[in-house]
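*Asks:* The structure is given below, and queries will be raised subsequently.
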Amino acid sequence: MIRLAAIADIHARRGTEGVLRGLVEAVARDADLLLIAGDLTDSGLVEEARLLASVLDASPLPVVAVLGNHDFHHQQQLAIQETLAAHGVVLLDGDGWVFERGGVRLGIAGCVGFGGGFRPYSLESFGEPEWKLLYDKVVEESRKLDRGLAAVSDCDYLVAMTHYSPTVDTMGDEPPPLYPFLGSSELGQALERHGVLFAVHGHAHRGRRDGCTDQGIPVFNVALPVVQRPLIWRFDPRRPEAVAQPVAVAPGGPVT
Ligand SMILES: [Fe+2]
Ligand SMILES: [Fe+2]
5 MIRLAAIADI
15 HARRGTEGVL
25 RGLVEAVARD
35 ADLLLIAGDL
45 TDSGLVEEAR
55 LLASVLDASP
65 LPVVAVLGNH
75 DFHHQQQLAI
85 QETLAAHGVV
95 LLDGDGWVFE
105 RGGVRLGIAG
115 CVGFGGGFRP
125 YSLESFGEPE
135 WKLLYDKVVE
145 ESRKLDRGLA
155 AVSDCDYLVA
165 MTHYSPTVDT
175 MGDEPPPLYP
185 FLGSSELGQA
195 LERHGVLFAV
205 HGHAHRGRRD
215 GCTDQGIPVF
225 NVALPVVQRP
235 LIWRFDPRRP
245 EAVAQPVAVA
255 PGGPVT
């Protein structure tokens, strides 16, 4: 059995060490690997990445992550990536990564994603060149997800991770005028093209946890303000039909 934990929007900064240590310790007890779906740092400063790395050093678990918009804010994203990679964090940006245990292969694909909004009110390639440039970025992120998912398509299970949302379904209490800044239906279409088991994202701090794409791929908003604690899934080959729903929050907590 593989136990997968996921969280997002941990916004590491001075003063958050205690909260982060608590998260990491809980996950280390209850899971085999941890996904962090972006906004790893609060202001996009490399010293915040160093703080996070030092906390993660205490965890024996593999950590797989994507960056979020906050991680780009001071244009230190490359240094942030290098800092975390030096501490063993796997950062996905259009890549796939495989975790294997007991003959079960779990493929993870991820990228940051981008805004653009959700159908039928999403950005289109129309009008001034500047709108078309923005739309190109929307499509580029969707293609990255395609590439990552294709790279792990031979796995028993496919899970996708983005910072931005692939569906309007998890927007919850976010104000509708913000939707174009919070995600894109194009990401959801990539999930559908590859038939992923489920996807996780963050960024929508006021969103709701559970949703799905237009074609019914389960999507979970694991932003820390939404879920409070990491969600955990169990990949049990004896119960494949049960895998798409999280079985617990760490530590302890009700089964949902
Ligand atoms: Fe965030
Ligand atoms: Fe964000």
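Under my numbering, think of the first position of the sequence shown as 5, with each following residue one higher. All residues carry an ideal CB built from backbone N, CA and C; glycine is no exception.
Could you name each continuous alpha helix (DSSP H) segment of 4 residues or more that falls completely within the segment 82-163, going from the start of the chain to the end?
*Replies:* You should have 133-155.
*Asks:* Taking Phe2 as the reference, give the member of Leu149, Pro222, Thr217 with the closest Cα.
*Replies:* The question about residue 2 has no answer here: the residues shown for the chain are numbered 5 through 260.
*Asks:* If you draw a straight line from the C-alpha of Trp101 to the C-alpha of Leu201, how long is it?
*Replies:* If you take the alpha carbons of Trp101 and Leu201, they lie about 15 Å apart.
*Asks:* In the DSSP assignment, find the beta strand (DSSP E) that holds His205 and state where it starts and stops.
*Replies:* 202-205 is the span of the beta strand (DSSP E), which, as asked, contains His205.
*Asks:* Would you say Gly72 touches ligand 2, meaning its beta carbon is less than 7 Å from a heavy atom?
*Replies:* Checking every heavy atom of ligand 2 against the Cβ of Gly72, one is found closer than 7 Å.
*Asks:* Does Ser189 come out as helix, strand or coil in the three-state DSSP assignment?
*Replies:* Correct three-state label for Ser189: helix.
*Asks:* Any chance you could list the beta strand (DSSP E) runs of at least 3 consecutive residues sitting entirely within the segment 26-61, in chain order?
*Replies:* 37-41, all fully within the segment 26-61.
*Asks:* Output the distance between the C-alpha atoms of Ser157 and Arg109, rounded to the nearest integer angstrom.
*Replies:* Their Cα atoms are separated by approximately 10 Å.
*Asks:* Which term fits Met2, buried or exposed, when burial requires 16 or more other beta carbons within 10 angstroms of its beta carbon?
*Replies:* Missing from the structure shown is residue 2; the chain here goes from 5 to 260 and no further.
*Asks:* Please list, in chain order, all residues of the same chain as Phe103 whose beta carbon is under 6 Å from its beta carbon, the five residues on each side excluded.
*Replies:* So the list reads Leu37, Leu110, once near-sequence residues are dropped.
*Asks:* Nearest-angstrom Cα distance between Arg18 and Glu52?
*Replies:* Approximately 7 Å, taken between the alpha carbons.
*Asks:* Ligand 2 and Met100: does any heavy atom of the ligand fall closer than 7 Å to the residue's C-beta?
*Replies:* In the sequence as displayed, the identity of residue 100 is Gly instead of Met. Flag unset: Cβ of Gly100 not near ligand 2.
*Asks:* Touch check for the segment 139-152 and the segment 76-95: three-plus C-beta pairs under 8 Å?
*Replies:* Taking 8 Å as the limit for Cβ pairs, the verdict is that the segment 76-95 does not touch the segment 139-152.
*Asks:* Measuring from each Cβ to the nearest heavy atom of ligand 1, keep the ones under 5 Å and list them in chain order.
*Replies:* For ligand 1, the selected residues are Asp13, Asp43.
*Asks:* Under three-state DSSP, which class holds Leu228?
*Replies:* Of the three classes helix, strand and coil, the one that applies to Leu228 here is helix, per DSSP.
*Asks:* DSSP on Arg243, reduced to helix/strand/coil?
*Replies:* Three-state DSSP puts Arg243 in coil, outside helix and strand.
*Asks:* Which residue comes first and which comes last in the beta strand (DSSP E) that contains Arg18?
*Replies:* Unbroken run through Arg18: none, as it is neither H nor E.
*Asks:* Does ligand 2 have a heavy atom nearer than 7 Å to the CB of Tyr205?
*Replies:* It should be pointed out that residue 205 corresponds to His in this sequence rather than to Tyr. No; taking the cut-off as 7 Å, the Cβ of His205 has no heavy atom of ligand 2 nearer than that.
*Asks:* Report the option in Tyr161, Asp75, Asp150, Asp61 whose CA atom is closest to the CA atom of Ala16.
*Replies:* Ranking Tyr161, Asp75, Asp150, Asp61 by Cα distance to Ala16 puts Asp75 first.
*Asks:* What does DSSP give as the partner residues of Ala194 in its beta bridges?
*Replies:* The partner list for Ala194 (beta bridge, DSSP) is empty, contrary to what the question assumes.
*Asks:* Spatial neighbours of Gly107 within its chain, please: C-beta separation below 8 Å, excluding the five flanking residues on both sides.
*Replies:* Counting only Cβ-Cβ distances below 8 Å, and skipping sequence neighbours, we find Pro241.
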